[in-house]
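Below: one structure, written as structure tokens.
Numbering (our numbering), first residue to last: 27 to 352.
This is the structure in structure tokens:
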């Protein structure tokens with residue numbers, strides 16, 4: 027074990043004073059990242075950058091996406107009706123301000139992490155890392171909420187026979203978050219244009235994956251399958267000789283899980299979480315990815331079915347060979 031990993035692992039054994047266990051777990055995860063991503067801007071390194079960016083005269087409106095939740099609670103064909111009239115649209119100036127703030131927060135986290143060089147952070151530096159990360163995640167959430175109507179709009183425009191409307195919304199929400207992370211406001215484009223393209227591409231990729239999966243696995247998924255206890259499955263995975271195999275399947279996506287399915291499995295079974303930590307509940311996962319508790323349960327079942335099928339049939343000709351395209 028190198029010095030960097032050893033120092034990071036030691037945080038849970040010898041927690042910093044004044045930090046809760048969840049904070050220490052999050053800090054460890056941040057320290058173990060190979061890279062903390064952000065979209066750079068020349069203004070970040072200017073004198074008084076923080077004051078300039080956060081004291082911008084452009085006021086940001088209060089963001090409310092409460093209209094979206096009722097739709098998620100009853101995802102039927104009626105959800106395709108026009109319910110997006112209440113959503114807020116940011117001006118170009120407001121959009122620039124919120125994206126600069128978001129990426130400046132991420133820049134500060136990356137900068138602080140870069141000064142450690144594998145060393146154990148001081149309590150003061152650790153607190154700064156967590157505070158800037160929390161501010162970044164709050165801004166990320168606000169940007170996604172103000173643009174969530176784009177997911178509904180693109181889903182209504184798309185005709186995908188192999189995808190349920192609920193799945194499209196889930197995949198679209200994930201694509202929206204990825205677009206928020208990658209968008210460069212300095213290039214002068216509207217975020218809505220960038221995000222819509224990303225969402226439509228995600229629908230296209232997922233539709234192709236669904237078609238290929240059904241060709242290999244013609245068994246129809248039954249959402250009324252018996253419930254699975256994530257704690258039981260996780261314990262079995264940790265105890266079994268096949269735990270490394272399961273992780274390999276997830277990392278390489280050999281079972282062709284969709285981005286939404288992978289996100290649900292990672293959160294529900296805590297595959298990347300520190301040993302002993304609790305997986306997220308159905309409701310917690312749903313809040314993170316923008317789908318209902320029931321939809322998380324259904325996605326979880328479908329993902330487990332794919333994983334089981336792959337484990338039982340991983341020697342079937344052609345399946346493993348084509349896994350890299352997923």
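The beta carbon of each residue, even a glycine, is placed where N, CA and C say it ideally should be.
Given the structure is predicted, the values throughout are model-derived calculations rather than measurements.
Sequence-distant residues of its chain with Cβ nearer than 7 Å to residue i (five each side left out)
i           : result
residue 313 : none
residue 336 : 275, 280 and 281
residue 162 : 128, 131, 132 and 135
residue 40  : none
residue 248 : Its pLDDT being 48, under 50, residue 248 is placed unreliably in this model, and the coordinates cannot settle the point.
residue 80  : 127
residue 156 : 49, 52 and 53
residue 306 : 293 and 294
residue 67  : 126, 129 and 212
residue 160 : none
residue 44  : 149
residue 347 : Any reading at residue 347 needs caution, since the residue's pLDDT is 40, under 50, leaving its predicted position unreliable; the model's value is listed next. Contacts found: none.
residue 154 : 138
Expected contact under 8 Å - CB spacing of residue i and residue j to nearest Å
i           : j           : result
residue 198 : residue 229 : 7 Å
residue 221 : residue 173 : 6 Å
residue 323 : residue 308 : 6 Å
residue 149 : residue 53  : So it is not a contact: roughly 11 Å between Cβ atoms.
residue 57  : residue 139 : 7 Å
residue 46  : residue 126 : At roughly 31 Å, the Cβ-Cβ gap does not stay under 8 Å, so residue 46 and residue 126 are not in contact.
residue 286 : residue 200 : 6 Å
Other residues of its chain near residue i: CB distance less than 8 Å, five sequence neighbours each side excluded
i           : result
residue 36  : 146
residue 184 : 194, 226 and 229
residue 290 : 311, 315, 322, 325, 326 and 329
residue 216 : 118 and 121
residue 50  : 37, 38, 41 and 42
residue 78  : 69 and 72
residue 75  : 69 and 130
residue 59  : 139
Minimum C-alpha distance to residue i - residue among the options
i           : options               : result
residue 168 : 155, 178, 42 and 202  : 202
residue 295 : 330, 320, 285 and 321 : 330
residue 177 : 140, 210, 223 and 137 : 223
residue 211 : 56, 333, 71 and 123   : 123
residue 175 : 165, 157, 231 and 116 : 116
residue 205 : 64, 60 and 141        : 64
residue 55  : 152, 78 and 182       : 152
residue 165 : 182, 191 and 207      : 207
residue 137 : 214, 191, 44 and 61   : 61
residue 192 : 214, 59 and 320       : 320
Residues near residue i by beta carbon distance below 6 Å, same chain, minus five either side
i           : result
residue 333 : 281
residue 209 : 217 and 220
residue 31  : Low local confidence applies: a pLDDT of 49 at residue 31 is under 50, so the model's placement there is unreliable, with the coordinate-based value given in what follows. Closer than 6 Å at Cβ, skipping near neighbours: no residue.
residue 82  : 123
residue 158 : 131, 134 and 135
residue 278 : none
Within-9 Å CB hit, residue i to chain B
i           : result
residue 337 : Structure shown: chain B not included; a single protein chain is present.
(request) Go through the region 41-93 residue by residue and report every complete run of the alpha helix (DSSP H) that reaches 4 residues or more, in order. (result) Complete alpha helix (DSSP H) runs here, min 4: 47-57 and 75-80.
(request) With a floor of 4 residues, list each alpha helix (DSSP H) that falls wholly inside the region 178-218, ordered by position along the chain. (result) 191-208
(request) Scan the region 316-345 and note each continuous alpha helix (DSSP H) run of 4 residues or more that stays entirely inside, going in chain order. (result) 319-339
(message) Ignoring anything shorter than 4 residues, give me the alpha helix (DSSP H) runs that lie fully in the region 122-183, in order along the chain.
(response) 149-172 and 175-183
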